[in-house]
Every structure is written in C-alpha cells, then in structure tokens.
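Numbered by our numbering, the letters in the sequence shown go through residues 2 to 148 in order.
For each residue, glycine too, the CB sits at the ideal point set by N, CA and C.
Here the structure is a predicted model, which means the values were calculated and not measured.
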Amino acid sequence: MSIRIALSSDHAAIELRQAIARHLADQGFDVVDIGPTEPESTDYPKHGEAAARLVKSDDCQLGIVLCGTGQGIMMAANKVKGIRCGVCADVFSARMIRQHNDANMLSLGARVVGEGLALEIVDAFMNASFEGGRHTVRVKMIDALES
Ligand code: RB5
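Rendered as structure tokens:
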C-alpha cells in the first residue's frame with residue numbers, strides 16, 4: 002500500500018506546496034493536498050490543524066505543511082495530540098527528525114528555502130525511517146507531555 006501524505010499551506014506557500022505535491026505524486030505517493038488554492042491571505046493555524054488531523058486520524062501516515070517561515074504552521078500542527086512536526090531548512094535535519102524523533106510531519110518555509118532545496122528536504126524526510134532503540138523512550142517522553 003502506498004504511503005498517504007497530507008499537504009497543506011497558507012497563502013505564502015501555495016506554489017511550493019503544489020510543486021511538492023507533483024513531486025510526491027510522480028514518485029507514486031498518494032497525495033492528499035487540502036489546499037488552499039486561492040492566493041488570498043489566510044490563517045496558517047487552521048491549515049496546520051487540518052493536515053495534522055488527517056495524520057492523527059490515520060487517514061494519512063505523514064504530513065507536510067508550509068507557510069512563509071514554516072514556523073507558525075508547525076506550531077499549530079504540533080498542538081494536535083500525537084503530532085511530531087519539525088521545521089527543516091536542511092537535508093540533514095529532515096532525515097534526523099524521522100530517524101531520531103519519529104516525526105510524522107515536516108514543515109517548510111517557502112520564504113526560506115527555494116524549490117530545489119525544498120524537494121531534497123522532502124525526499125530526505127520521505128526516505129528516512131525511525132531507528133527505534135534508545136530513541137523510543139525519548140519519543141515516549143515527548144508523548145507523555147501531552148497527557
Ligand atoms: C504570513 O504572512 C506569514 O506570517 C506566515 O506565512 C508564516 O510565516 C507564519 O509563521
């Protein structure tokens with residue numbers, strides 16, 4: 002079964018989000034792009050929450066969210082219980098948030114990274130997997146903060 006991945010952004014990142022959607026679809030991922038598509042200014046928290054809820058509900062296994070910096074939409078996504086979302090502007094961090102932190106969402110800043118780097122970051126995130134072992138207890142400690 003192919004991995005289902007939720008995508009959302011605010012107005013600042015529509016073009017980059019759509020480029021990522023095409024990139025992932027070309028690789029055979031099942032992309033659930035929930036928009037927006039209109040360029041009007043829109044509030045990033047609701048878009049971060051919407052993608053996070055798809056991941057939380059198991060409708061999607063992973064999520065990618067974007068705004069101008071990647072920061073605000075990441076903060077919103079992380080308020081949904083069970084979500085571990087990190088902002089990445091480099092390939093190493095994108096790999097590590099999956100290997101060590103078992104991140105289930107990635108956040109990108111469309112005003113921070115260009116399309117070429119963003120796609121490499123996405124590939125690093127998608128191709129990495131959680132290493133378990135000593136990292137499991139630490140991720141459980143993060144989850145315990147939610148209860
Ligand atoms: C929108 O102007 C901007 O504030 C938003 O995209 C994001 O960068 C917030 O974190």
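Distance, Cα to Cα, residue i vs residue j?
| i | j | result |
| --- | --- | --- |
| L8 | D144 | 23 Å |
| E132 | Q100 | 5 Å |
| D141 | A119 | The amino acid occupying residue 141 in the given sequence is Lys; Asp does not appear at that position. Answer to the nearest angstrom: the Cα atoms are 29 Å apart. |
| R36 | I15 | In the sequence as presented, Arg is not what sits at residue 36; that position holds Gly. Spanning the two alpha carbons is a distance of roughly 8 Å. |
| R18 | R135 | 34 Å |
| M75 | G49 | 7 Å |
| P40 | K47 | 16 Å |
| V56 | T43 | 22 Å |
| R85 | D27 | 26 Å |
| V113 | L25 | 20 Å |
Can you check which of these residues, the options, is closest to residue i by C-alpha distance?
| i | options | result |
| --- | --- | --- |
| M106 | S10, E16 and D44 | S10 |
| I21 | S3, V66 and E39 | V66 |
| G110 | T137, R96 and G69 | G69 |
| T137 | V123, G117 and D103 | D103 |
| D60 | A26, K80, M2 and E147 | M2 |
| G29 | S94, A78, M127 and D91 | M127 |
If you check the beta carbons only, do residue i and residue j fall under 8 Å apart?
| i | j | result |
| --- | --- | --- |
| S58 | G87 | no |
| D31 | R54 | no |
According to DSSP, what are the bridge partners of residue i?
| i | result |
| --- | --- |
| C89 | DSSP output for C89 lists no bridge partner at all. |
| I6 | V32 and L63 |
| S108 | V66 and V88 |
Do residue i and the ligand RB5 come close, with the Cβ less than 7 Å from some heavy atom?
| i | result |
| --- | --- |
| T70 | yes |
| D11 | yes |
| G73 | yes |
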